[in-house]
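Written out below as C-alpha cells is the structure these notes cover.
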Amino acid sequence: MSMSGNRDTIALEDAEIIARRSFPGDQHIIRLAAPRCAAKATPGSFAHLTCDPTVPMRRPLSIMLADPTAGWVEFLFKPVGHGLARLAQRPIGDRVSVLGPIGRGFDPDPGRRRIIAIGGGVGIPPVYFLAERLRSSADFELLVLMGSEVPFPFELGDSSEAINGISDTVFKEVSDLAEWGIPSRLASNAGYGGCHAGHVPELARDWLEGCVYEELANVQIVACGPMAMLEATARLAQEFNLPCQVAVEEYMACGVGGCAGCTLLVQTPDGPAMKRVCVDGPVFEARDVFAQTAAAAI
Ligand SMILES: Cc1cc2nc3c(=O)[nH]c(=O)nc-3n(C[C@H](O)[C@H](O)[C@H](O)COP(=O)(O)OP(=O)(O)OC[C@H]3O[C@@H](n4cnc5c(N)ncnc54)[C@H](O)[C@@H]3O)c2cc1C
Ligand code: FES
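And the structure:
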C-alpha cells in the first residue's frame with residue numbers, strides 16, 4: 017500500500033476557516049474548507065498556506081486530518097515568527113489560500129505489520145493523521161508515541177492496558193487514538209503526570225527492548241519532529257536493524273519544487289545528492305538522511 021503523495025495532486029484553493037481552537041503553549045488547531053486538498057491528502061503530506069494578506073511568504077504545515085467527504089483539512093501549529101502568529105489571530109469565516117497537498121508521505125512497508133509511530137512537538141500532526149488512516153487497517157498495528165514540552169493539545173485519558181516494555185507509571189494516552197483502537201504513550205520533560213520523564217525515543221527504546229528477537233522482524237518506525245529527535249530515532253532504528261522513515265522540516269520558499277530553497281543532503285544509490293524536501297520529501301528513509309550518524313554508530 018502506498019500512502020505517499022506526488023506533484024500531480026497539488027491544488028490551489030481559496031479556503032474558508034470553518035473551525036479553530038487554541039491550546040496552552042500557543043498551540044492552535046485550524047480547520048479549512050479545502051475539498052481538493054482534502055481529497056488527496058496523505059499522512060506526511062503538507063500544505064503551503066498564506067497566513068495573512070500582510071504576510072507575503074506562505075508557511076508549510078503538515079496535514080493533521082483530512083475528511084474527503086466533508087471536504088476539510090485540519091492543521092496544528094505553534095507560531096515561531098510573525099507569519100503563523102498572524103494565522104493564529106484569524107477568525108472563523110476568514111479565507112486562506114491553500115496550496116496542497118504537497119510531498120511524498122509515509123509509505124509503510126507492507127512486510128512489517130507493527131509500526132512504531134513517533135511524533136514530537138509540531139511533528140505530531142503527520143503521526144496523528146497516520147493513526148487515523150490506519151485505524152481500521154487489517155495490515156498494520158500501530159503504537160503511537162508522542163513527545164511535547166508544552167501541554168498536549170488533545171484530550172488525554174488514563175490507560176489501564178499494559179504495553180510491553182513500557183513502565184506502568186507511563187499511562188497517559190490520547191483519547192481519540194484510544195477510541196480508534198490505537199494504543200499511545202506520552203513523553204515530556206515538563207513533569208506531566210503519567211508521562212515518561214524524558215525524550216520520546218526513550219519510550220520507543222523501552223518498547224523495543226521488551227520485544228523478543230523474532231518480533232523485531234515485524235517492526236518498522238515512522239517519525240516526525242525536531243531534527244535531534246529524528247536523529248536519535250534513526251540511531252535507534254540502526255541499533256535494532258529496523259527500517260525507519262522520517263518526515264523532515266526545512267525552511268521553504270516556493271514549496272512546489274521550483275526554487276531549490278529547501279534542499280537537504282541525502283544518500284542515494286548513486287551517492288550523495290541534494291534533494292528538495294518539499295517535493296522529493298518531506299518523508300525520507302532515515303538511513304539516507306542520517307547516513308553519517310548511522311555510520312558513526314556502527
Ligand atoms: C513540511 C513541513 C511541515 C511543517 N509542519 C508544521 C506543523 O504542522 N506545525 C507547525 O507549527 N510547524 C510546521 N512546520 C514548521 C513551520 O512551517 C515553520 O516553523 C515556519 O517557518 C513557522 O512560521 P512562522 O511565521 O511562525 O515563523 P517564521 O517567520 O517563518 O520564522 C521562524 C524563525 O525562523 C527564521 N527563518 C525564517 N525563514 C528562514 C530561512 N529561510 N532561513 C533561516 N531562518 C529562517 C525566522 O527568522 C524566525 O526566527 C513545518 C515545516 C515543514 C517544512
Ligand atoms: S521550497 Fe522551493 S524547491 Fe522546495
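According to this note's numbering, the sequence shown is numbered sequentially starting from 17.
For every residue, glycine included, the Cβ atom is placed at its ideal position computed from N, Cα and C.
Tell me the DSSP secondary structure of residue i in three-state form.
| i | result |
| --- | --- |
| Gly116 | strand |
| Lys56 | helix |
| Ala233 | coil |
| Ile33 | strand |
| Arg201 | strand |
| Val238 | strand |
| Glu265 | coil |
| Leu28 | strand |
| Arg303 | helix |
| His212 | strand |
| Arg111 | strand |
| Ala194 | helix |
| Gly206 | The sequence shown places Ala at residue 206, rather than the Gly named in the question. Three-state DSSP puts Ala206 in coil, outside helix and strand. |
| Ala276 | coil |
| Pro298 | strand |
| Pro76 | strand |
Roughly how many angstroms separate the alpha carbons of residue i and residue j, rounded to a whole number?
| i | j | result |
| --- | --- | --- |
| Cys211 | Leu193 | 16 Å |
| Ser183 | Ile131 | 20 Å |
| Ser38 | Ile45 | 6 Å |
| Gly109 | Val262 | 35 Å |
| Asp296 | Arg129 | 26 Å |
| Ala311 | Cys240 | Note that Ala311 scores a pLDDT of 48, beneath 50, so its modelled location is shaky and nothing firm can be said. |
| Phe170 | Ser191 | 8 Å |
| Arg106 | His64 | 16 Å |
| Val143 | Pro69 | 30 Å |
| Arg244 | Phe306 | Note that residue 244 is Ala in the sequence shown, not Arg. Rounded to whole angstroms, Ala244 to Phe306 spans 11 Å at the Cα level. |
| Gln315 | Val96 | Summary: the structure shown does not reach residue 315, with the chain confined to residues 17 through 314, and so no result is reported for it. |
| Arg303 | Gln254 | 8 Å |
| Pro167 | Pro76 | 23 Å |
| Asn62 | Ile79 | Reading the sequence as shown, one finds Phe at residue 62 and not Asn. If you take the alpha carbons of Phe62 and Ile79, they lie about 5 Å apart. |
| Asn205 | Glu165 | 6 Å |
| Glu266 | Pro242 | 10 Å |
| Phe300 | Leu172 | 30 Å |
| Asn234 | Gly127 | 7 Å |
| Ile314 | Ala55 | Residue placement at Ile314 is flagged as unreliable, the pLDDT there being 40, under the threshold of 50; the coordinate-derived value follows with that caveat. Cα-Cα distance, rounded: 43 Å. |
| Gly21 | Lys188 | Since pLDDT at Gly21 reaches only 49, below the 50 mark, its modelled position is unreliable, and no value is offered. |
| Val112 | Leu28 | 10 Å |
| Phe256 | Leu232 | 8 Å |
| Pro40 | Ala203 | 17 Å |
| Gln283 | Ala289 | 6 Å |
In terms of residue numbering, what span does the beta strand (DSSP E) encompassing residue i cover?
| i | result |
| --- | --- |
| Thr70 | Where Thr70 is concerned, there is no enclosing beta strand (DSSP E), given that its DSSP letter is neither H nor E. |
| Asp174 | Leu172 to Asp174 |
| Asp83 | Leu81 to Asp83 |
| Leu281 | Thr279 to Thr284 |
| His44 | Gln43 to Ala49 |
| Gly287 | Gly287 to Arg292 |
| Leu258 | It is not in any beta strand (DSSP E) - Leu258 carries neither H nor E in the DSSP assignment. |
| Trp88 | Trp88 to Phe93 |
Mind checking which residues open and close the alpha helix (DSSP H) that includes residue i?
| i | result |
| --- | --- |
| Leu252 | Met243 to Glu255 |
| Gly127 | First-last for Gly127: undefined, no H or E at that position. |
| Arg106 | Where Arg106 is concerned, there is no enclosing alpha helix (DSSP H), given that its DSSP letter is neither H nor E. |
Would residue i and residue j qualify as a contact pair, given that the criterion is a beta-carbon distance under 8 Å?
| i | j | result |
| --- | --- | --- |
| His215 | Gly163 | yes |
| Leu49 | Ala31 | A small correction: the amino acid at residue 49 is Ala; Leu does not occupy that position in the sequence shown. Yes, these two residues count as a Cβ contact at 8 Å. |
| Arg201 | Leu219 | yes |
| Leu81 | Glu148 | yes |
| Leu115 | Ala133 | no |
| Gly60 | Pro298 | yes |
| Asp155 | Pro259 | no |
| Gly136 | Asn180 | no |
| Ala276 | Arg292 | yes |
| Cys67 | Gly99 | yes |
| Gly271 | Ile118 | yes |
| Pro350 | Leu252 | There is no way to answer for residue 350, as the model of the chain reaches only from 17 to 314. |
| Val71 | Arg36 | no |
| Phe122 | Leu161 | no |
Give a yes or no on whether the minimum CB-CB distance between residue i and chain C is below 8 Å.
| i | result |
| --- | --- |
| Asp42 | Absent from the structure is chain C; it holds one protein chain and no more. |
| said: Report the start-end ranges of each alpha helix (DSSP H) in the region 135-192 that is 4 residues or longer and not cut off at the edges. | reply: 140-149
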